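So for the sequence shown, this note's numbering puts the first residue at 1158; every next one is plus one.
A short worksheet on the structure shown next.
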Amino acid sequence: MLNIARLKSAPEIFYSLQGEGARCGTPAVFLRLAGCNLACKWCDTKHSWGNGILCSTRDIAAHIRDFNSDSLVITGGEPLLQQEALARLLHLLPETMHVEVETNGTIAPTPALEQRITQWNISPKLNHSGNPGEKSLRPEVLEHFAAMPQAWFKFVVQSEADWPAIAALGLPQQRIILMPCATTRAELETARPAVVDMCLRHRVRLGDRLHLTLWDDKKGV
C-alpha cells in the first residue's frame, strides 16, 4: 500500500507538464505521496503533509498505465518515506518508463529503489525554509546523491545571501538549479530578477517554475 496525497477527496495522480528541473516542460504522470519529514514555511503543497489515501500498488500502477505516458514523476510530501512500497509499485510498471523522484535530500535511497530511478531531483532546504539546519541538510546523504550522474540539485532561493550555504555543500555546479521562492505567479514575477542575476553570476541553471507561470497556484495540474 502507498499513502497518496488527498486532493478533493481523491488520490492525487494526474497528467501534466514537469514544471521544474532539468526536464522542465516534459509531459509526465505525477504521483504525489502523502507525508513529509520537514515543514517548509513556504511549501506550496502543504495539503500533502496530512492524512492521505491508502491505495494498493496494483491499483496505482493501473491508474498510471491508463495515461499511456512514458514518464512518471513521484513527488510529495517526501516520497522516500515510503521506499519499500515505491519499489513494489515500480516493479509493476514498464522498465522503459522514465521515472523521476522529487526528494528533499534528507533520506538516502535503498539499493532496490535506486536502481529503478532514471533521475533524482533533490531540493535541499536552506535556512529560510524554517527547518532546523541539522534536520534539513544532511551532507552525507547529499554526497551519496552527488555521486549519481542522474541527480540534480534544485535550491529555492530568496537572495544572494543564500549562495554561500549552497557553495559550502560542494555539489557539482553543472547540476545545480536555482529557483525563485514563490508560490504564486505574482510572487514568481517579483522574485525572478534577483535569481536570474544569481544564475548569471555563479554560472548555474535557472529553474523558472513553469507550473506557476501556466496555472498560478492551482493544484492537481
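Glycine included, every Cβ here is placed at the ideal spot set by N, Cα and C.
These numbers come from a predicted model, not from an experiment.
- Around the beta carbon of Asn1261, 16 or more other beta carbons lie within 10 angstroms, which makes this residue buried.
- Counting the other CB atoms within 10 Å of its CB gives Asn1208 a total below 16, which places it among the exposed residues.
- According to the DSSP assignment, Ala1269 belongs to the alpha helix (DSSP H) that extends over Pro1268 to Glu1271.
- Where Cys1212 is concerned, the enclosing beta strand (DSSP E) starts and stops at Ile1210 to Cys1212.
- Separation of Leu1247 and Ile1231 (C-alpha to C-alpha, rounded to the nearest whole angstrom) is 11 Å.
- In this structure Asn1288 is not in contact with Ala1219, their Cβ atoms being roughly 36 Å apart against a cut-off of 8 Å.
- Burial state of Asn1160 is buried, judged by a 10 Å Cβ sphere holding 16 or more other Cβ atoms.
- Nearest to Glu1235 by alpha-carbon distance, out of Met1254, Leu1363, Ile1334 and Leu1188, is Leu1188.
- The closest CA to that of Ala1162, considering only Pro1184, Cys1212, Thr1183 and Tyr1172, is found on Cys1212.
- Here Ser1293 is buried: its Cβ has 16 or more other Cβ atoms, across all protein chains shown, within 10 Å.
- Around the beta-carbon of Pro1266, 16 or more other beta-carbon atoms lie within 10 Å, marking it buried.
- Residue state for Glu1344 is assigned as helix, using DSSP reduced to three classes.
- The alpha-carbon separation between Ser1226 and Phe1171 amounts to approximately 11 Å.
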